[in-house]
């Protein structure tokens, strides 16, 4: 009976030692990217590397600091809306992060008028609207096809002499354009 108790105790001890020896905790985690730039609606995949490769529990938990900007599921980041968020991958007691910047790109521009008639010496204000609202790069420039007929400065069109000119507004991002045909009549 004594021998059996000793054998069982020795077996439990050996099993306990083997379990401890087999437990390999995570020692690090890294991501293949430290930052990502995305347009709204785009996706990017982050690849995590957990070490050691034979860790007992190499599972990775993914989180976003701001789900209204970017979400993450199993390493796939989805850009939701303009802004910045930090994606964190955690394995064991270790974590790695990736900064995600989401842009709202310009998709077009329109003018409040497509054609106007103007007497020489008079002026009119054209209003440009960029789509979507609140893009990352809302800048645009104005130009005229014939400065001898009509000039433009920040959307203010001035009739110079009789004729026809086309006023064009062009976005800095994407080079989207909108035009307004200006017919200038001579005075008198």
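In this note's numbering, the protein residues as written are 47 to 234.
By construction, the Cβ of each residue, glycine as well, lies at the ideal position given by its N, Cα and C atoms.
* List the DSSP bridge partners of residue 145. => As a working mapping, residue 145 is identified with position 99 in the chain shown. Paired residues: 81 and 132.
* residue 137: buried (16+ other C-beta within 10 angstroms of its C-beta) or exposed? -> Start at 1 with the first residue of the chain shown, and residue 137 comes out as number 91. Counting other Cβ atoms within 10 Å of its Cβ, residue 137 reaches 16 or more and is therefore classed as buried.
* **Distance between beta carbons of residue 115 and residue 129, contact taken as under 8 Å** => Here residue 129 refers to the residue found at position 83 when the chain shown is read from its first residue. Here residue 115 refers to the residue found at position 69 when the chain shown is read from its first residue. Contact between residue 129 and residue 115 holds, since their C-beta atoms are separated by about 4 Å, short of 8 Å.
* To do: Tell me residue 190's beta-bridge partners as DSSP assigns them.
  => For the purposes of this step, residue 190 is taken as residue 144 along the chain shown, with counting starting at 1. Beta-bridge partners assigned by DSSP to residue 190: 213.
* Asked: Straight-line CA distance for residue 172 to residue 188?
  -> Residue 172 sits at position 126 when you count from the first residue of the chain shown. Residue 188 sits at position 142 when you count from the first residue of the chain shown. Between residue 172 and residue 188, the C-alpha separation is close to 10 Å.
* **Assigned secondary structure, residue 60 (DSSP; H/G/I helix, E/B strand, else coil)** => For the purposes of this step, residue 60 is taken as residue 14 along the chain shown, with counting starting at 1. Low per-residue confidence applies at residue 60: pLDDT is 47, beneath 50, and the placement is therefore not dependable enough to give any value.
* Asked: Taking Cβ positions, are residue 86 and residue 127 nearer each other than 8 Å?
  -> Here residue 86 corresponds to residue number 40 of the chain shown, with the count starting at 1. Here residue 127 corresponds to residue number 81 of the chain shown, with the count starting at 1. Result yes, Cβ atoms of residue 86 and residue 127 sit closer than 8 Å.
* Report the rounded CA-to-CA distance for residue 74 versus residue 110, giving the unit in angstroms. => Position 28 of the chain shown, counted from the first residue, corresponds to residue 74. Position 64 of the chain shown, counted from the first residue, corresponds to residue 110. Cα to Cα, residue 74 sits roughly 20 Å from residue 110.
* Shortest alpha-carbon distance to residue 68 belongs to which of 158, 191 and 101? -> By one-based count along the chain shown, residue 68 stands at place 22. The option with the nearest alpha carbon to residue 68 is 101.
* Residues that residue 225 bridges to, as DSSP identifies them -> Numbered from 1 along the chain shown, position 179 holds the residue referred to as residue 225. Answer is 214, bridged to residue 225.
* Asked: What are the residues that DSSP puts in a beta bridge with residue 204?
  -> Counting from 1 along the chain shown, the entry for residue 204 is found at position 158. DSSP lists 169 and 197 as the bridge partner or partners of residue 204.
* Asked: According to the Cβ coordinates, are residue 20 and residue 207 closer than 8 Å?
  -> Any property of residue 20 remains undetermined from this structure, which presents the chain solely from 47 to 234.
* Boundaries (first-last residue) of the beta strand (DSSP E) holding residue 154 -> For the purposes of this step, residue 154 is identified with residue 108 of the chain shown, where counting begins at 1. Start and end: 154-157.
* Please determine, among 81, 72 and 82, the residue with the shortest C-alpha to C-alpha distance to residue 95. => Translated into positions along the chain shown, residue 95 becomes position 49. Between residue 95 and the set 81, 72 and 82, the nearest pair of CA atoms involves 72.
* Quick one: give me the first and last residue of the beta strand (DSSP E) that residue 89 is part of. => Within the chain shown, the letter at position 43 stands for residue 89. That run of the beta strand (DSSP E) goes 89-91.
* **Start-to-end residues for the beta strand (DSSP E) that takes in residue 124** => Here residue 124 corresponds to residue number 78 of the chain shown, with the count starting at 1. Start and end: 122-125.
* Do you know how far the Cα of residue 104 is from the Cα of residue 176? -> As a first step, residue 176 is located in the chain shown; it is residue number 130 there, counting from the start. As a first step, residue 104 is located in the chain shown; it is residue number 58 there, counting from the start. The straight-line gap from Cα to Cα measures roughly 47 Å.
* With residue 84 and residue 148 assumed to form a contact (beta carbons below 8 Å), what rounded beta-carbon distance in angstroms separates them? -> For the purposes of this step, residue 84 is taken as the residue at position 38 of the chain shown. For the purposes of this step, residue 148 is taken as the residue at position 102 of the chain shown. Between residue 148 and residue 84 the Cβ distance is about 5 Å, and since that is below 8 Å, they are a contact.
* Asked: Just curious, the beta strand (DSSP E) that residue 118 is in, first and last residue?
  -> The residue labelled residue 118 in the question sits at position 72 within the chain shown. Start and end: 116-119.
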